[in-house]
Structure formats: structure tokens, C-alpha cells
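Colleague:
Residue numbers (the numbering used here): 210 to 525.
1. Pairs of beta-carbons, one from the segment 365-378 and one from the segment 389-396, closer than 8 Å: are there three or more?
2. Just to confirm, are residue 317 and residue 286 a CB contact at a threshold of 8 Å?
3. Taking the beta carbon of residue 597 as the centre, do at least 16 other beta carbons fall within 10 Å, making it buried, or is it exposed?
4. Tell whether a beta-carbon distance below 8 Å holds between residue 406 and residue 506.
5. If you reduce the DSSP assignment to three classes, tell me which class residue 464 lands in.
6. Identify, in the order they occur along the chain, each residue of the same chain with its Cβ nearer than 6 Å to the Cβ of residue 459, setting aside the five sequence neighbours on each side.
7. Around the Cβ of residue 456, are there at least 16 other Cβ atoms within 10 angstroms (buried) or fewer (exposed)?
8. If you follow the alpha helix (DSSP H) that residue 402 is part of, which residue opens it and which one closes it?
9. Within the same chain, show all residues whose beta-carbon is closer than 6 Å to that of residue 369, passing over the 5 residues directly before and after it, in chain order.
10. From what residue to what residue does the alpha helix (DSSP H) around residue 287 run?
11. Considering just the uninterrupted stretch of the alpha helix (DSSP H) at residue 349, what are its terminal residues?
12. CB residue 302 to CB residue 245, shorter than 8 Å?
13. Tell me the DSSP secondary structure of residue 443 in three-state form.
14. Buried or exposed for residue 500, going by 16 or more other Cβ atoms inside 10 Å?
15. Taking Cβ to Cβ, would you say residue 385 is nearer than 8 Å to residue 253?
16. Just checking my contact of residue 166 with residue 399 at CB under 8 Å: how many whole Å lie between their CB atoms?
17. Can you confirm whether the segment 429-443 touches the segment 294-310 when touching is taken to mean that 3 or more C-beta pairs between the two stretches lie within less than 8 Å?
18. Between which residues of its own chain and residue 328 is the CB-CB distance below 8 Å, once the five residues before and five after are set aside?
19. Residues in its own chain within less than 8 Å of residue 415 by CB, not counting five upstream and five downstream?
20. Could you spell out the range, first to last residue, of the alpha helix (DSSP H) harbouring residue 512?
21. If I follow the unbroken alpha helix (DSSP H) through residue 263, where does it start and stop?
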């Protein structure tokens, strides 16, 4: 999906109903949240490739498929649980469950079955610690974030961001069979990246969340405080991303790149803060800088982990 299509959906433009041949198959695939899967697979591959040790290529591919299936299964369970609020949010009303194209019970069974399958295969193919961490990632997203935090606190994205930070940790553990400081740093990078990324998007999706009664930060604290929080978490991310270099995991190539990417991210975050403020500091309705920050945040993470892998393959 293009950036403009994502933005249109965030602003509340409903997706057109798809009645073409094969649409049922696409509906089941949609339950897996395929846009999210691209980042999950990418960061999981990065964690697997930079981990010390060796995993047979067939087992490595199996591990990545298990990570993708687990993330998709969690997405399906999330859509099952959130079907009530999806129905009242314009950008999600056409999802398969609220639109009536897939029965809720079938979607739940689908998600649970894929979850169990991915965990068992991961344990058999790699090790049971990796399977345990994979289980934790599923439970964190479906129980901690979806069922507990999302509808109760504006900090849902902050704490719930851990759900999206698991893949590089799982990839690392699949190879090494252990949890050390290095994969925890990769986990932390995604954890602190999530709030500025998602809040930049939510600045122009706040009307949908307000309609559904979801206490996202822009709804509860307002756009101005959200902009401040975007800057805060970007500042926290700035020294964290180059940390693998300081710990000897990578060469200076990665370290300098991480620092440069972080400074440019901070530039976008400061622009979000300054945008939409009049001389008195009152927040106005202008999301141009937030839109640019959201799009850059995606590039930031993909480039950062890409350079991490390249640095490991070339200079290690």
C-alpha cells in the first residue's frame, strides 16, 4: 500500500469494498495484517543474521516463517477482539470481521491455530527458548496490549511497543539459544522507535480513535502534548541506536550511520513540535510535519537494520 493510501485511511477514508474473484482469500490474508508483517520479518531476519553462530538455511527460513506466522496470528486475534471498535472507525470499518465477510469465531480459531503451529514448529526447528520468546510476543500483543492497555491508557503504544520489538530478539535466540545484552539493545531500539512513529500517524487519526473511545495520546492529552512526547522519545532513541557500535558489535560504519539517521529523525520530530504552533504556542490543525515524520520513521528503521546487517556481513 502506498504512503498516501496509508494516510488516507488514517484520516478516515474507508477502503472500497472488494468483490473481485479471490477476495475471500485476501480477506483471510488481511487478518494477518500484512503491512505490519514486512517490518516483523525484516527485523527478525536482521536479528538472525547478526547473531553469532550458524543456523542451517532451511532452519533459518523456518524460523523467519514462524515469526511471520506468529505476528500474523496475533494480528488476527487483535482483529477479532477489536471488531467492535473497528466497526465504528472509518479507516477500519471495511476490515473482514466488522464488514461481515468473516465470522468472529472463525477468525479467533484461525489466529489461535496459527499461534500454536508457529510456536511448536519454532521449538522443533530451532530451540524451545526461541519458542518461549515467540509465545511471549503473541501474548504480549494479544493480552497485554490489545485486551488490557489499548482501551485503558494513553500509554498503550509506549508499553505495547514491546510487542513489535520482539522479532530481532527472537531471531537472535533462534540462532544462539540464549538471551544476551546485544539482542536486548535491538529490542530497545524498536521499543523507543514505536511511540514517535505511531504518534506521528495518530496526530491525524485522532478523530477515529475518539469516535471509538480509544484513549490514544492525542485524544486524551491533545496534539500539543503528543508532539512533545514525539520529541522526547526521539531524543531517547538518539544515543540508543549507535550503542551496538560502542559495545563492539559493529564497526564505525554502522555507528556513524545510526547517529546520522537519529539526528535527522530528531530534526523531523522538532519540526512536528514547531509545526502547527502560533506565536502563543497554541496547537493548530496542521499535520504536514507529522506526516513527513511518520514516513521518515519507516525509512529510518529499515535503513538502520539494513546497515546493521551489511556491517556485520562485511566488517565482522
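Backbone N, C-alpha and C define an ideal beta-carbon position, used for all residues, glycine too.
Modeller: Looking at the coordinates:
1. Cβ pair count under 8 Å is three or more, so yes.
2. Yes, the pair counts as a contact, with Cβ atoms nearer than the cut-off.
3. With the chain covering 210 to 525 only, the question about residue 597 has no answer from this structure.
4. yes
5. DSSP places residue 464 in helix when its eight states are reduced to three.
6. 453 and 520
7. By the neighbour-count rule (16 or more Cβ atoms within 10 Å), residue 456 is not buried but exposed.
8. 390-411
9. 354 and 358
10. Residue 287 -> alpha helix (DSSP H) spans 266-290.
11. Per DSSP, residue 349 belongs to no alpha helix (DSSP H) and is neither H nor E.
12. no
13. helix
14. buried
15. Their beta carbons are not under 8 Å apart, which means residue 385 does not touch residue 253 by this criterion.
16. The structure shown does not extend to residue 166, since the chain is modelled only from 210 to 525, so the question has no answer here.
17. With a cut-off of 8 Å on Cβ pairs, the segment 294-310 is not in contact with the segment 429-443, counting fewer than three such pairs.
18. 275, 279, 340, 343, 344 and 347
19. 425, 427, 428 and 432
20. 497-524
21. No alpha helix (DSSP H) contains residue 263, which DSSP labels as neither H nor E.
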